[in-house]
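These notes are about the structure you will find just below.
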Amino acid sequence: MKPVRKVEGRAIPFGRKNVDTDVIISAKWLKTISRDGLGEGAFESVRAQEGNVFDDPEYAGAPILIAGDNFGCGSSREHAAWALDDMGVKAIIAPSFSDIFSSNAFKNGLLAIPLPQEAIDRLMEVAKTDPITVDMESMSVTTPFQDRFTFEMDPFRQQCLMDGVDEIDLTMAKSDAIEAHETRVDSAQSWHKPVMA
Amino acid sequence: MEQDRPQTLYEKIWNAHVVDQRDDGTALIYIDRHLVHEVTSPQAFEGLRKAGRQVRRPDLTLAVPDHNLPTTARVDANGNKIPIADPQSAAQLEALEANAPAFGIKYIGASDREQGIVHVIGPEQGFTLPGTTLVCGDSHTAAHGALGALAFGIGTSEVEHVLATQTLQLSRSKSMEIRVEGLLGPGISPKDLILHIIGVIGAAGGTGHVIEYRGEVFEQMSIEGRLTVSNMSIEAGARAGLIAPDDKTFAYLKGRPMAPKGADWDAAVAYWKTLKSDDGARFDKSVTINAADVAPTVTWGTSPEDVIPVTGHVPAPESFADPSKQDAARKSLDYMGLASGQALSDVSVENIFIGSCTNSRIEDLRAAAKVLDGRKKAEGVKWAIVVPGSGLVKAQAEAEGLDKIFTASGFEWREPGCSACLGMNPDKVPAGERCASTSNRNFVGRQGPGARTHLMSPAMAAAAAVTGKLTDVRELMGVN
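Top to bottom, those sequences are chains Y and H. Under the working numbering, think of the first position of the first sequence as 9, with each following residue one higher. Under the working numbering, think of the first position of the second sequence as 2, with each following residue one higher.
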């Protein structure tokens, strides 16, 4: 994973609540066996409507997306994170995210930044004309108009994102602890393993 | 001191699986069971290959295809496999068929008798057990919480992480108690109850939480019904649902192929009996629902929180306090082709789907067949299918003669799979048409581009098939 310290640029003022993962990437795009090329299918049903923000030249190439509450709800498809990444979005700012989406975003180095609705309302205004900066070190979102909103993220995730850590490597370094757990369960719970013919 | 404090069921399962605790509250959690299907696994196996990694515990992993599979016949009259027409679906299915044996994972194939929807076969095979941690690259993994397993959906990177390490790095969720007072009225099903609950707490009401369902209604409910309820926990935003295991759970699991046997069984049951929230255990959030308030429930919009009793009227967007919800309601009504104030009982449906990991178990099929027995689908209903959750459910239903009831009433009797729940296989609802569906999501385009989904119980979907309109099943069944 590439380290992410800062994302800055224009932001797409989408603003919608309960954006589900079927809206981010619909099922027909899930038949791929690769992680790449999904940007083309991102927000397909929204883009079918004239005057949608995603096709507005004003926001072409914008690396930030602003949305409403409960972003990424629904299916566990990581294709949603891959599609956002592939369309060039590196940070999503919303009042809340679904648990699975927020984890999928994290695994792909996408920033899921939670900010209260008042901050979202202000950023939606700024986004129409000016760029926004998300800074991981100071955990803040700023605008050229001296707005400064700080956000929270668990310190482990923050560090992993800033260092671009491979989480599997990190866990594999704990294989002794994993083995100890397995030994403990094997002796205490003889019934534990599924009976597989 | 920690041990002396009364604990919730969630805390008990969590604590029993901590491999390594970090100072910041996150922990490395051991995963006891991993279910793998074709859609969310190819990139994970590819990741393992690239890094030269193995599957740590193939003996705790089970693979089965379900999402992509067509639900039409899989073998021809001569017993030969019928190829899958869509090349992308075929490639994804072939990838799982090759990856499973290459990594030593048990694979149930498309034409095996045990094949089915991953969340139907887990419990059915006894792979899902109380007190275990169970994951799958699918959000409806929440279903398995019905047996007292801590079960949740994960993304593909996490699938890869579990394959490689049999663990996940997680932060502890908050706990939410949903206590239901009283019992459901006649003709009201577990699906009505969970739709009602989602309506009360909202599609994000459970975000960051694990829900434990408590109250006599769940004690009386069958395991099939509990699976329906826990399955839709994710539609309320919750990571997982839990129902404490009891004698019904043990009776359901006993003798299942992958469940413990003999002395192991007795030891398991002794442990499982400790798996309940202690008296006085503290939940971060508590919600009380009155079972008497639950009517046959359907969705009118494009979020599972958009529910009303079938006897009700389509709400006016202005009736919502939140301006963004008003806007969402306007868009939903436009998409759904509904007008505010319209009586739901006036809404015609052209398609009926009985199936999905929410409602494709034997009890669901029995409930639908009971309504359809001796009746025909209405003329306006163009397409009506029943898709059993697994080959074993299908065989059981056929042994009971349910297939005959379905086909006599004009339904197609299909092979097991995810089918019209998600528009990934040939079973789709045409654009602009309505579907009375027993699945779990009414999102825009979920059942196919432009498809209009109304979620409901199997009995309600059957009633809609008979009248061609959204219908209170209690009227057909003479229940008041």
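Don't be surprised by glycine CBs; every beta carbon is placed ideally from N, CA and C. Treat the numbers as computed from the prediction; the structure is a model and nothing was measured.
message: Quick check: the Cα distance between R251/H and D162/Y, rounded to an integer number of angstroms?
response: Just to set this straight, residue 251/H is Phe in the shown sequence, not Arg. Rounded to whole angstroms, F251/H to D162/Y spans 39 angstroms at the Cα level.
message: Please confirm whether G411/H has its beta-carbon closer than 7 angstroms to some beta-carbon of chain Y.
response: no
- prompt: Over what stretch of residues does the beta strand (DSSP E) that includes P122/Y continue unbroken?
  reply: L119 to P122
- request: Could you tell me the distance, in whole angstroms, from the CA atom of K98/Y to the CA atom of L29/H?
  value: 27 angstroms
task: Would you mind working out which of V288/H, P305/H, G281/H and E115/H sits nearest R6/H, comparing C-alpha positions?
output: G281/H
query: Going by alpha carbons, who is nearest to C419/H out of R58/H, R362/H and A152/H?
result: R362/H
message: Does chain Y have any CB closer than 7 angstroms to the CB of S304/H?
response: yes
Nearest candidate by alpha-carbon position, reference G324/H, set E16/Y, G23/Y and R192/Y: Looking at the sequence shown, residue 324/H is not Gly but Pro. The shortest C-alpha separation from P324/H is found at G23/Y.
query: Thinking C-beta only, is G449/H closer than 7 angstroms to V467/H?
result: no
query: With 16 as the cutoff for other CB atoms within 10 Å, does N291/H come out buried or exposed?
result: exposed
field: Same chain, Cβ closer than 7 angstroms to T191/Y, five either side skipped, listed in chain order
entry: none
query: What does E161/H touch in chain Y if you count any residue whose Cβ is under 8 angstroms from its own?
result: I176
query: Can you list, in chain order, the residues of its chain whose CB lies under 6 angstroms from that of M2/H, leaving out five sequence neighbours each side?
result: Note that M2/H scores 44 on pLDDT, short of 50, meaning its location in the model is unreliable and no value can be drawn from it.
Whole-angstrom distance between A344/H and P43/H, CA atom to CA atom: 46 angstroms
query: Excluding five sequence neighbours on each side, which residues of the same chain lie with their C-beta closer than 6 angstroms to the C-beta of P459/H?
result: I355, N360, D365, A368, A369 and T439
task: Report the residue ranges of all beta strand (DSSP E) runs contained in full by the segment 342-424 of chain H; include only those spanning at least 3 residues, in chain order.
output: 352-355 and 384-387
- prompt: Residues in its own chain within less than 7 angstroms of K82/H by CB, not counting five upstream and five downstream?
  reply: R75, V76 and S112
- prompt: Which of helix, strand or coil does DSSP assign to M2/H?
  reply: Residue placement at M2/H is flagged as unreliable, the pLDDT there being 44, under the threshold of 50; the coordinate-derived value follows with that caveat. Reduced to three states, the DSSP call for M2/H is coil.
message: Can you check which of these residues, I189/H, Q167/H and P318/H, is closest to D184/Y by C-alpha distance?
response: Q167/H
query: Under 8 angstroms Cβ-Cβ, which residues of chain H neighbour E133/Y?
result: Chain H residues near E133/Y: none, gap ~15 angstroms exceeds 8 angstroms.
query: In three-state DSSP terms, what is E133/Y?
result: helix
query: When you check each C-beta in the segment 23-51 of chain Y against every C-beta of chain H, which residues fall closer than 9 angstroms?
result: G23, R24, K25, N26, D28, T29, D30, V31, S34, A35, K36, L38, K39, T40, I41, S42 and R43
- request: Run the CB neighbour count on T275/H, radius 10 Å, all protein chains shown included, and call it buried at 16 or more, exposed below.
  value: exposed
query: Roughly how far, in whole angstroms, is the beta-carbon of D93/Y from the beta-carbon of L118/Y, given that I think they are within contact range, below 8 angstroms?
result: 6 angstroms
message: Does D193/H pass the burial test, meaning 16 or more other C-beta atoms within 10 Å, or should it be called exposed?
response: buried
field: For M177/H, the first and last residue of its enclosing beta strand (DSSP E)
entry: K175 to E182
task: Report the neighbours of F444/H on chain Y: residues whose CB is nearer than 8 angstroms to its CB, in chain order.
output: D28, D30, V31 and G82
- request: For the alpha helix (DSSP H) containing T191/Y, list its first residue and its last residue.
  value: S183 to A196
Other residues of its chain near V480/H: CB distance less than 7 angstroms, five sequence neighbours each side excluded: P187 and G188
- prompt: Does the beta-carbon distance from I41/Y to Q93/H come in below 7 angstroms?
  reply: yes
query: Do the segment 156-174 of chain Y and the segment 120-139 of chain Y touch if we need at least three Cβ pairs shorter than 8 angstroms?
result: yes
Three-state secondary structure (DSSP) of F153/Y: coil
message: Looking at the secondary structure, which residues open and close the alpha helix (DSSP H) in which V173/Y lies?
response: No alpha helix (DSSP H) holds V173/Y; DSSP gives it neither H nor E.
- prompt: Should the segment 171-190 of chain Y be called in touch with the segment 238-245 of chain H, which here means at least 3 C-beta pairs below 8 angstroms?
  reply: no
task: Determine the burial state of A143/H: buried for a count of at least 16 other Cβ atoms within 10 Å of its Cβ, exposed for fewer.
output: buried
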